[in-house]
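To keep things clear, I will list the structure first and then write my remarks on it.
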Amino acid sequence: MQQNKRFGGKQVNIAVIADIHANAEALNAVLRDIESQHPDLVLCAGDLVGYGPRPNEVVEKIIDAKIPAVMGNYDDAVANFRLICGCDYTSETAQAVGEFSIRFTRETLEEKNKAHLRSLPYHLFYRIDKLPQLPALVPLLPESLPGLYPMYDPAFDTMEDKAPQIRSYHEAIERYANPPKPAPGEWLIHVFHGSPRRLNEYLRMNTPIEELRALVKLTPANVMICGHSHQTFHKLIDGVHIINVGSVGKPKQGNPNATYALIQLGDAVAVTFREVAYDVDTVVSEMKGHGHPQALIDIIRTGIDR
0 MQQNKRFGGK QVNIAVIADI HANAEALNAV LRDIESQHPD LVLCAGDLVG
50 YGPRPNEVVE KIIDAKIPAV MGNYDDAVAN FRLICGCDYT SETAQAVGEF
100 SIRFTRETLE EKNKAHLRSL PYHLFYRIDK LPQLPALVPL LPESLPGLYP
150 MYDPAFDTME DKAPQIRSYH EAIERYANPP KPAPGEWLIH VFHGSPRRLN
200 EYLRMNTPIE ELRALVKLTP ANVMICGHSH QTFHKLIDGV HIINVGSVGK
250 PKQGNPNATY ALIQLGDAVA VTFREVAYDV DTVVSEMKGH GHPQALIDII
300 RTGIDR
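In numbering that gives the first Met the number 0, the protein residues as written are 0 to 305.
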């Protein structure tokens, strides 16, 4: 676990990436851009692998760069030999792409890298204390936090797998709802892939406010950071910031540029979403060489995924 950090300024700057999806060209370009921004910490909200042609290089790059990461649904599916990735396929073409991708990734990924993906946590927490002189960034273990909802995914697990004392979803909601939030001027960051309760739950720009209000009650954090939907947004719901950092390797904003988030935490929260161009042609060429479906190649080439 990282050591506690104190900073000379009045704010903490964090870069968060997600959904790299084995796109090493995009990841390398984003890491170069992040280095130019000089953040205090870099985090990853999951899905290192899937879809792209270089899963081993991506996993090893994250390890070598010592970037703390949470498990994504694709990481879980590949490393734990799930039949499905927990993705929301909307067409037969999308399902065919997904089936090819999970098979290719599982066959390509080395066992040591599968083992690393299996070791990733569901949650990362960091507390930023407001001190008289310098802010402190303190990593926390989930079990040290009161009222944390036990994440599970009905596509992969049962509630009993994650919390044997809980016998129903409604009982869990009742028990874990509304944990205490940090004091004004202090920040508790909660990083996960899908949502606080499910690895593969999509949080999108159009997710109903009522659903988001239910989700912020399931975490003691006042800054929630996620990926999975590949859609960047920043919303303030009942005093809790919800930030989706987009996708490095399989963006959906209508162009192929990689996206990530720079988050400044001081007296307030400020979020900048950055787009980074990279060598898409090289990735497309590699995918063609590996026999990736044309529909997937077109998504990477255009950034359009309908």
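Idealized CB from N, CA, C, for every residue including glycine.
Comparing alpha-carbon positions, which option in the options lies nearest residue i?
i	options	result
A294	I33, V96, G193 and I62	V96
R197	H229, C225 and P181	C225
H227	A220, G238, I242 and T218	I242
R316	I298, V244, R300 and K249	Outside the displayed span of the chain (0 to 305) sits residue 316, for which this structure offers no information.
V107	D63, F124 and R53	Per the sequence shown, residue 107 should be read as Thr rather than Val. Taking only the C-alpha atoms, the option nearest T107 is R53.
A78	N55, K60 and S90	N55
G238	D304, L211 and N27	L211
L30	V190, I66 and K111	I66
E200	H233, Y121, G253 and V270	Y121
Considering just the uninterrupted stretch of the alpha helix (DSSP H) at residue i, what are its terminal residues?
i	result
Q293	Q293 to T301
R117	E110 to S118
E98	E91 to T107
Could you give the first and the last residue of the continuous beta strand (DSSP E) run that contains residue i?
i	result
N243	V239 to N243
C263	The sequence shown places Gln at residue 263, rather than the Cys named in the question. A257 to L264 is the span of the beta strand (DSSP E), which, as asked, contains Q263.
For residue i, count neighbouring C-beta atoms within 10 Å of its own C-beta (all shown protein chains included) and say buried if the count is 16 or more, exposed if not.
i	result
R126	buried
I13	buried
H192	buried
K113	buried
A260	buried
Is residue i helix, strand or coil by DSSP?
i	result
T271	strand
P163	In this prediction, P163 has a pLDDT of 40, which is less than 50 and means its spatial position is unreliable; what the coordinates show is noted afterwards. Coil.
V222	strand
L198	coil
K287	helix
I66	coil
Y277	coil
R53	coil
P153	Residue confidence for P153 is low, a pLDDT of 40 falling below 50, so the modelled location carries little weight; the figure read from the coordinates is stated next. Reduced to three states, the DSSP call for P153 is coil.
Going by DSSP, what residues sit across from residue i in a beta bridge?
i	result
I125	Inspection of the sequence shows that residue 125 is occupied by Tyr rather than by Ile. Per DSSP, P138 and I188.
H233	I242
L335	This structure does not reach residue 335, given that the chain is present from 0 up to 305, and the question cannot be answered.
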